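A.B. asks: Residue numbers (my numbering), protein chains in the order written: chain C, 2 to 335; chain Z, 25 to 539.
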Amino acid sequence: MNKLRFSSGMLVYAIISAAVIAAGLVLGLVMHFTSGAFFNWGGEYAGFRSIEVQYSAFDIKEEDVKKAAEDAFADNGVSYYAFVTAGESTECRIEYRFASSQDAEAVAKAAEAIDSAVGIDSNFTGHATAYTELAAERNASVDITYAAIAVSAAVVFQFIYFLIRFRLAMAAAAFVADVHNLALFYALLALTRVQVTPAVVAVSALCVLVTMIGCGMMFDRMRKLFRTDEYKAMSSFEQADGAARSAFPMVTLVNAVVFAALLLMLVFTAIAGGTVFGLFMPCLGAMLAVLASQYGTTLFTPAVYSRLKARADKRAAEKQIKYVGAKKSAEAAE
Amino acid sequence: MGKIRSAIITAIVALATLALFFFGVVSFDLPGNIDRYNSILANIGLGSELSGDVYTVLLPEGVISAAEYDSAMAEEGAVADEYAETYVEAPGGAYYVDKEVLDAESDQQQALKDLAAKISEDAQVLAGRFANRNLTSYSVGVLGGYGIRVAVPSGYDYATYAGYDLDSRSVALNASSSIIGYLSRGGEFTLRNNDYGSRDAITSSQLADDSQETYNILGDLDAKDAFKSVKYFAMGGVYGIRIKLTAEGRERLSEASAAIADTAQSSDQTIRFYVGEDELIPLTCESEITSASFDITVGDEETARSYAALFDSAAGGNALNFSYDYDDVYDATVAGGENTAVFLAVSVLVLFVAVVAFAIARYRLLGLTFSMTAMLFSGVMIAVTYLVGVTLTATGVFTAVLALALFAGCNFWSFEQIRRESDAGRTLQAAVKTGYKKTFSGILDLHVVLFVVSVLLTLVCRGALSACGMILLIGTLASYILHWFTRFMWYVTMSPARDKYKFCGFSREAFDNYE
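#1: Would you identify the three-state DSSP class for Phe318 (chain Z), choosing helix, strand or coil?
#2: Leaving out five residues before and five after Ser519 (chain Z) in sequence, what residues of the same chain have Cβ atoms less than 6 Å from its Cβ?
#3: Between which two residues does the alpha helix (DSSP H) holding Ile241 (chain Z) run?
#4: Going along the chain, which residues of its own chain have a beta-carbon closer than 7 Å to the beta-carbon of Asp122 (chain Z), five neighbours each way excluded?
#5: Would the beta-carbon of Val339 (chain C) fall within 8 Å of that of Asn77 (chain C)?
#6: Please name the residue, chosen from Z:Glu113, Z:Tyr79, Z:Ala40 and Z:Ala196, that lies closest to Gly69 (chain Z) on a Cα-to-Cα basis.
#7: Mind listing which residues of the region 17-33 of chain C have their C-beta closer than 7 Å to chain Z's C-betas, in chain order?
#8: Tell me, please, whether the CB atom of Trp437 (chain Z) is closer than 8 Å to any CB atom in chain C?
#9: With DSSP run on the structure shown, which of helix, strand or coil describes Gly360 (chain Z)?
#10: Tell me Ser259 (chain Z)'s beta-bridge partners as DSSP assigns them.
#11: Taking the alpha-carbon of Val50 (chain Z) as reference, which of Z:Ala40, Z:Met405, Z:Leu65 and Z:Ser402 has the nearest alpha-carbon?
#12: Taking the CB atoms as reference points, tell me whether Val456 (chain Z) and Ile33 (chain Z) lie closer together than 8 Å.
#13: Flag this pair as yes or no: are the beta carbons of Leu82 (chain Z) and Ile172 (chain Z) separated by less than 8 Å?
#14: Under DSSP, the beta strand (DSSP E) around Ala184 (chain C) begins and ends at which residues?
#15: Inspect the beta-carbon positions of Ser337 (chain Z) and Val166 (chain Z) and report whether they are closer than 8 Å.
#16: In chain order, which continuous runs of the beta strand (DSSP E) of length 3 or greater are located wholly inside the region 241-320 of chain C?
#17: Using a Cβ-Cβ cut-off of less than 7 Å, give me the residues of the region 151-162 of chain C that come near chain Z, in sequence order.
#18: How is Val79 (chain C) classed by DSSP in three states: helix, strand or coil?
#19: What in chain Z is Cβ-close to Gln55 (chain C), meaning under 8 Å?
#20: Is Thr276 (chain C) close to chain Z, meaning its C-beta is less than 8 Å from at least one C-beta of that chain?
#21: Classify Ile88 (chain Z) as helix, strand or coil using the three-state DSSP reduction.
#22: What's the C-alpha gap between Pro177 (chain Z) and Ala491 (chain Z)?
#23: Report buried or exposed for Asn198 (chain Z), applying the criterion of at least 16 other Cβ atoms within 10 angstroms of its Cβ.
#24: Consider the Cβ of Tyr354 (chain Z): report whether some Cβ of chain C lies at a distance smaller than 8 Å.
#25: Quick one: does Gly116 (chain Z) have its CB under 8 Å from some CB of chain C?
#26: The beta strand (DSSP E) that contains Arg216 (chain Z), what's its start and end?
#27: Roughly how many whole angstroms lie between the Cα atoms of Val157 (chain C) and Ala282 (chain Z)?
#28: Have a look at Tyr61 (chain Z) and Thr229 (chain C) and give me their C-alpha separation to the nearest angstrom.
#29: Measuring alpha carbon to alpha carbon, tell me which of Z:Ala381, Z:Gly493 and Z:Asp349 ends up nearest Val152 (chain C).
#30: Looking at Leu210 (chain C) and Val477 (chain Z), is the spacing between their C-beta atoms short of 8 Å?
#31: Taking C-beta to C-beta, are Ile284 (chain Z) and Ile267 (chain Z) nearer than 8 Å?
#32: Can you pull the chain Z neighbours of Gly199 (chain C), defined as C-beta to C-beta under 8 Å?
#33: Using 8 Å as the threshold, is the C-beta distance between Phe160 (chain C) and Ala175 (chain C) below it?
#34: Here's a check: name, in chain order, each residue in its chain whose Cβ is nearer than 8 Å to the Cβ of Met213 (chain C), leaving out the five neighbours to either side.
#35: At least one CB of chain Z closer than 8 Å to the CB of Tyr132 (chain C): is that the case?
#36: In whole angstroms, give me the CA-to-CA distance for Phe530 (chain Z) and Phe439 (chain Z).
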């Protein structure tokens, strides 16, 4: 059993959390006012530049088209972040996607270079078109709103359920943990500039789910331990520490399994293709969510709970004194 | 439990589990290369991150691509002259616009800007329609100023994506193409009849085309004043759309439907649902429609969802400025690499093996029993996901891994508690009883919370998040049921063991001391 004293680090945890959240907020706001994006929105939300190469497989091989394109990109100093191939026989297409930060003129020049390699200049029937801008119309706020409604409803339900099953202080601490971890997750997204794609928005639900699993395990352990005489004699802080220490391995194991899975997915999908755009950002986002949840659930939450419990115990003691005092007064009056 | 009974039950469960897992995960060619068995996993519909998407570029009338223009110019002669005469290059150089489309009275550059602005407005309307269509992903964007690139998931399962099922490929491609076709319809939403109603622009157009004339039965009442909403519904295998009317719309439709249903007043007893000049649904009207809402059943779920998204947008006054054409739809490979789905599956398998290895290393034969139920859990997850028809996205796979972590975590939690009880000197039977009793409430709490959260995610959210909610729901239920099944199998498999502590990798302090 570890000897960690979770409850004593409240000030440290509060400072760390506040610093990360504030830093995320500040960086997000700076980016919002300088480049118009609080988060680093992915292509589905922010759009992208692209070059579409159309060619006939009877004329020219896909490898040759790709080589011509790579040469053109190298010559013009542009780099794409993803490509897709489509179509077959006479209607083959390759679409290269560039971040909006890439120079539009250079992208257009690269397209011209490809065009001359696959088009009539080279006696082929292909064509390369540069689309200097794709203004995406997918509205991030709609996706986030739906995710927020579902996550909020889930958090409120958890609060009510814990209130019924456990105690008010535990329900409140779980509620604080959900909100804290979610805030931390979004701050980390803003800080690390991980691209926010629709899948990353969905990952915010994962953050809350992992937190709920952790809190459920921890508070159940606490409830059990608080029934023993040994724990009853302890202070709220010692009680919370003991229970948190006891639940720590299981909560960490669950988070570690999910984190390891994400890491594995990241490694394997990196091997899967030349570009890991599709899953890299969701995996990275999910790993941040698990990290935020592990920190918030195992360190921050016991510290918060111990204080809430201390207050609740104090109030209960005052009530008891008041009740006993009132009873004594009534007896004296009689 | 006796040895024979234990062996029989273990053999039956193990065989059933292996069979479910084998047919759930492994695809193989059948003898003689006649056909191929595609596993249940290979038949689950995949999201665009795993099987790519289907895209096309919508162009309004009078706009052509630079590729088409250049191709015409390469032909030289009359064709090249005609193109050079007809079209003007749009800013950006990706498109050419017919000069007739541009407003003759204004400056050409200004007219091009106005055209681009209207196309941008249409893209926003289209984005709203695709968002309402409940797709796991979609993309709508103005491409090069004058084209609208739309992409929807291909809807392929892995067998189709990998080319093992070419029939399903064309079916899925048609379905995706039909979604784009329905949602990109331009023009206003009107209810029409061949005899009853008032003339409008569509009637004039039909007259000009010498086709069957139809009349607007709502008259001068705008669609947005007549309709509150159009929503998709499904009930007991019946799919359709539910149309809600405003008080004004209700009154007008009541009057119109009474007249249409009356054979003396109208020879056509059909209310025709139009978007632009296209008739989409003919509704036979046999009596007056008096209710504030009415349902129309549609043949299949996909079409019903498309109608609901299109009608809701068009009836809400969000008609497209133009009619859009597209040559073809293209099924694109996955942006994250062609084999993303395979490698994702391999990574989940590696993780599964790691969990199993941990269980066996820590709990010996009990770990083996757990491995069997974990295999059953995976098989059940795969089978139910397939049967429910959930689309598997990357986040869906994360959620499935979370469910596996929940299942493994809950079992290990109980095992650890039992180990503690056993270490404290209880007999194994008592330790199991007490251990499960002590973890019961915590595990129940977890599953109840996750069950409700998954229901909320499924019902409240749309697209990928809703699919995740469904996978979590399946995972939570499977985890809870199989948690207790693991206990049962523990009891069954442990019965014949002589040294029950060794079977579980546990020790008993009191007993050891005694020895």
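The beta carbon of each residue, even a glycine, is placed where N, CA and C say it ideally should be. All values reported here derive from a predicted model rather than from experimental measurement.
C.D. replies: In terms of the structure at hand:
#1: strand
#2: Met25 and Ser30
#3: No alpha helix (DSSP H) contains Ile241 (chain Z), which DSSP labels as neither H nor E.
#4: Gly86, Thr110 and Tyr111
#5: What the structure shows of chain C is the stretch from 2 to 335, and residue 339 (chain C) is not part of that stretch, so it cannot be assessed.
#6: Z:Ala196
#7: none
#8: yes
#9: For Gly360 (chain Z), the three-state secondary structure derived from DSSP is coil.
#10: What sits at residue 259 (chain Z) in the sequence shown is Met, not Ser. For Met259 (chain Z), which the question treats as bridged, DSSP gives the partners Z:Val262.
#11: Z:Leu65
#12: no
#13: Closer than 8 Å, so yes.
#14: Here Ala184 (chain C) belongs to no beta strand (DSSP E); instead the alpha helix (DSSP H) covers Leu169 to Thr193.
#15: 8 Å or more divides the Cβ of Ser337 (chain Z) from the Cβ of Val166 (chain Z).
#16: none
#17: Considering only beta carbons, the part of the region 151-162 of chain C lying closer than 7 Å to chain Z consists of Ala151, Ala154, Ala155, Phe158, Gln159 and Tyr162, in chain order.
#18: coil
#19: Ala91
#20: For Thr276 (chain C), the predicted model reports a pLDDT of 48, less than 50, meaning its position is unreliable and no value from the coordinates is stated.
#21: strand
#22: Roughly 14 Å separates the two Cα atoms.
#23: exposed
#24: yes
#25: Interface residue, yes.
#26: Arg216 (chain Z): member of the beta strand (DSSP E) spanning Phe213 to Asn217, first to last residue.
#27: 49 Å
#28: Their backbone Cα atoms lie some 58 Å apart in a straight line.
#29: Z:Gly493
#30: For Val477 (chain Z) and Leu210 (chain C), yes; Cβs fall inside 8 Å.
#31: no
#32: For the sequence presented, residue 199 (chain C) should be read as Pro rather than Gly. Simply Ser161, Gly487 and Ala488.
#33: yes
#34: Ala155, Gln159, Ala175 and Asp179
#35: yes
#36: 10 Å
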